[in-house]
Every structure is written in C-alpha cells, then in structure tokens.
Amino acid sequence: MTQSDSVPPIDLSRFACFFDVDGCLAAIETRPDWVSIPENVRLALCQLYLLTGGALALVSGRTLNELDALSAPLHSPAAGVHGAVRRDAQGHIHQIDLPPSLAATLGQELREAIAPFTGCHVEAKGMAFALHYREAAHHKADIEAVAAAFSARYPELTRQPGKCVVELKPAGVNKGAAIEAFMTEAPFSGRTPLFIGDDVTDEAGFNAVNDLGGVSIKVGPGETAAGYRLDDVGQVHAWLLSLLEQKENHTMNTNNSVREGL
Ligand SMILES: O=P(O)(O)OC[C@H]1O[C@H](O[C@H]2O[C@H](CO)[C@@H](O)[C@H](O)[C@H]2O)[C@H](O)[C@@H](O)[C@@H]1O
C-alpha cells in the first residue's frame with residue numbers, strides 16, 4: 011500500500027477507532043509498569059469514544075485490567091493480550107485460554123529457563139507470557155532461543171515478537187481477528203475501521219483494516235502494511251487532539267450556517 015505523510019480527514023460519525031497502547035498512546039519505557047498515557051490524551055479518548063457512538067476500542071498486548079488502569083477514566087471495549095481476551099461493547103468477555111495444566115506450570119518453567127540471563131524478566135498475563143530483554147539487549151538471541159524451544163515443545167503456543175520482547179501467546183490469536191470480531195458487532199459494524207499501532211503485533215490489525223477498506227496508521231519507522239505513518243507518540247497525541255479540534259470547528263461551522271439560515 012502507498013504510504014503518505016498525512017493521515018486523511020476522519021469523520022468520527024462514520025469511523026470505528028482502534029488504538030494500540032505501548033509505543034502508540036504511551037511512550038516506550040524501560041519497564042512495562044513505568045508507562046502512562048498523559049491526562050489530556052486520556053480525556054481526548056473519552057471524547058472520541060462519545061463522538062464515535064462508542065465505536066472505540068483499545069487493541070493491545072496488555073491485559074484488560076492494565077488497559078483500564080492506563081486509560082482511566084475511559085472504560086471502553088478492548089482487546090487485550092494480542093486479542094486472546096476481548097471485552098465487547100456490551101461488556102461481555104470473549105477469552106481464549108491455554109489448557110489449565112499448561113497455564114499452571116508455564117510461568118515457572120519460563121522463569122527457570124531465563125534465570126541465567128540477568129536483566130531479563132517474565133511478564134505473566136494469564137494465557138500469555140512476555141519474555142522481556144530491554145534491560146539486557148545482549149541476551150536477545152538467548153531469549154529468542156528460549157521462546158523458540160517453548161513454542162516447539164508446546165504446540166498450543168505461538169511466538170509474538172515485539173520491542174525488546176518475545177511473547178508466547180495462544181496459537182491463532184492476533185489483533186486482526188480481534189478487530190474483525192468487533193467490526194461484526196454494534197456499534198462498530200457499518201463503520202469504517204481505523205487502526206493505529208507501532209509494532210509487529212499490529213501488522214495483523216493493519217491487514218484486517220486494509221481488507222475492510224479502512225485507514226491503517228503505523229507509528230515510527232519500519233516495513234509495514236499500513237497505509238499511513240506518524241513519526242512518534244508525540245505525533246499520535248497531536249493528531250488525536252486535532253481530531254477533536256476538527257470536530258469542534260465542524261460544529262461551529264454548522265451552528266453558524268444554522269444561524270445564517272434563520
Ligand atoms: O500491543 P501494545 O499495547 O503495544 O503492547 C505490547 C507490549 O507492551 C509492553 O511491552 C513493551 O512496552 C514496555 C513499556 O514501554 C517496554 O518496556 C517493553 O520493552 C515493550 O516490549 C507490555 O509489557 C507487553 O505486555 C505488551 O504485550
């Protein structure tokens with residue numbers, strides 16, 4: 011798909027908006043629990059949620075609890091853990107779990123496997139596990155080898171590479187399938203999807219949105235299926251806030267036209 015520097019105008023009354031979190035709404039930090047979304051952006055998301063008639067969802071590798079905490083006071087539909095768990099607009103949870111016997115032992119097995127690699131840590135997310143090496147980049151190949159060994163040993167798992175991380179998630183789960191599921195349901199269905207993300211996990215989302223005739227936006231450099239690009243998290247924030255200004259200007263123009271017609 012051709013890429014352009016400028017994202018097209020978005021008519022919020024016709025669009026369904028899907029947002030990735032880390033590296034998109036929130037700047038990358040050394041540790042996952044150091045991340046935050048600025049208050050003005052969280053409040054802007056609340057306004058966008060209302061202006062899209064509730065057709066707004068976070069689509070992230072994080073758990074739903076973390077997404078709610080990071081985006082408060084927003085409490086929107088969301089897909090967490092790369093789509094393994096999804097909260098629809100009615101608040102119903104759709105979840106793909108690992109077999110209980112595997113889920114019970116996998117975290118400890120992974121912690122033991124990466125114990126020799128100082129500076130690396132396991133993030134347990136229920137049905138998925140992230141092996142982080144941001145603080146020990148020289149262990150990238152070691153962590154990738156551990157992840158490859160575990161996905162070969164357990165066919166229920168698939169690898170999800172990311173920024174200084176390799177995750178093990180349930181096979182068949184991806185962000186594209188989560189977006190497609192939202193798009194079959196109210197209030198998303200019948201709208202044009204927009205998805206913005208920054209990482210390898212977001213490519214499945216870009217492909218799904220492209221197939222649905224929507225707008226896909228990649229944040230930062232790198233090969234992508236997305237049709238548009240923003241340079242960094244700062245540009246994402248500025249663009250989000252500009253969507254609301256665009257809406258305010260439209261409302262003011264409409265009000266003026268109504269007044270002129272009186
Ligand atoms: O799909 P996302 O919302 O982009 O989430 C992807 C993963 O993000 C987190 O890890 C990444 O961000 C951390 C904080 O900036 C960073 O320290 C880490 O190196 C990155 O990989 C999160 O910890 C994962 O659970 C998400 O899957």
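Residue numbers for the sequence shown follow our numbering, beginning at 11 and rising by one. Where is the CB? At the ideal position from N, CA and C, for every residue including glycine.
DSSP places G215 in the helix class (H, G or I) of the three-state scheme. At least one heavy atom of ligand 1 lies closer than 7 Å to the C-beta of G71. Residue V45 holds the alpha-carbon nearest to the alpha-carbon of V31 among F25, V45 and P18. Less than 8 Å separates the beta-carbon of P180 from that of L108.
Under the DSSP assignment, P171 falls in the beta strand (DSSP E) whose first and last residues are L167 to G172. In the displayed model, Y59 falls within a helix according to three-state DSSP. DSSP places V69 in the uninterrupted beta strand (DSSP E) bounded by L66 to V69. For G117, the Cβ stays outside the 7 Å cut-off from all heavy atoms of ligand 1.
For R96, the uninterrupted beta strand (DSSP E) run begins and ends at V95 to R97, by DSSP. Not one heavy atom of ligand 1 sits closer than 7 Å to the Cβ of E154.
Residues of the same chain with a CB within less than 8 Å of the CB of L58, apart from the 5 flanking positions on each side, are L22, C27, L66, L250, L253 and L254 in chain order. Nearest to A113 by C-alpha distance, out of M137, F29, A151 and L240, is M137.
In the DSSP assignment, P180 forms a beta bridge with L167. Across the structure, P171 and E177 are spaced so that their CA atoms are roughly 6 Å apart. Taking 7 Å as the cut-off, one finds no heavy atom of ligand 1 near enough to the beta carbon of I227. The beta carbon of V225 sits closer than 6 Å to those of L204, all from its chain and outside the five residues before and after it, given in chain order. The Cβ atoms of L84 and C56 sit closer than 8 Å to each other. C-alpha of V51 to C-alpha of L35: approximately 8 Å in a straight line. By the beta-carbon neighbour count (other beta carbons within 10 angstroms, threshold 16), I47 is buried. When secondary structure is reduced to three states using DSSP, F160 falls in the helix class. By the 16-neighbour rule on beta-carbons within 10 angstroms, A89 is buried.
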